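Numbering (this note's numbering), first residue to last: 7 to 143. Even for Gly, the Cβ is constructed at its ideal location relative to N, Cα and C. Since the structure is predicted, the reported quantities are computational estimates derived from the model, not experimental observations. One structure is given here, and the rest of the page talks about it.
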Amino acid sequence: MDILRYGDVVPGKSIGVFQIGMKSEQLIKLLEKYQIEERSNCKVVKTSTLWFWIDEENKTYQIMALDGFLGKYEEIIGLGDSISEVEKHFGKCIHESYVVKMPDVKGICFELKDVDDYDQVWDESSAPICSICVYRV
């Protein structure tokens, strides 16, 4: 199985085999093709389907699943699903800045496909999820 395309999404803990708290050296050993972006307070290790934020202690504190990742949260919600699907199964969501969160589930958030990508009127509840992030809580 391709570890960059498949795996369970576990809030605050992991996406597939990749764990929050994983040292960057461990992470790099699992990856074949990646780029590292240096930012002011962290590094971001980027693959085609997953991005990893690394803190000053060289530990992963956030993982983002992008287009091409086929894993799901609770075997139900994945990329391309809508917030209305999330709410149907897990209750009302809250919108904070550019992300959508489930108030009763810490360590996970969703980003929606941008309004500019649509020809019709944009409805936030039906817009597809374009990324899923798990992060340290």
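**OP:** Using DSSP bridges, identify the partner residues of residue 58.
**Re:** 51 and 69
Subject >> CA-to-CA distance, residue 130 to residue 41, given in whole angstroms >> reply: 32 Å
Subject >> Alpha-carbon spacing of residue 14 relative to residue 114, whole angstroms >> reply: It is roughly 13 Å from the alpha-carbon of residue 14 to the alpha-carbon of residue 114.
Original post:
Would the beta-carbon of residue 97 be found less than 8 Å away from any heavy atom of the ligand GDP?
Top reply: Inclusion of the ligand GDP in the displayed structure is not the case, the ligand content being empty and no account of it being possible.
Subject >> Pair within 9 Å by beta-carbon distance, residue 51 and residue 26 >> reply: no
Original post:
By Cβ distance below 7 Å, which residues in the same chain neighbour residue 60 in space, the five residues on each side in sequence not counted?
Top reply: Only 30, 48, 49, 51 and 66 meet the Cβ criterion.
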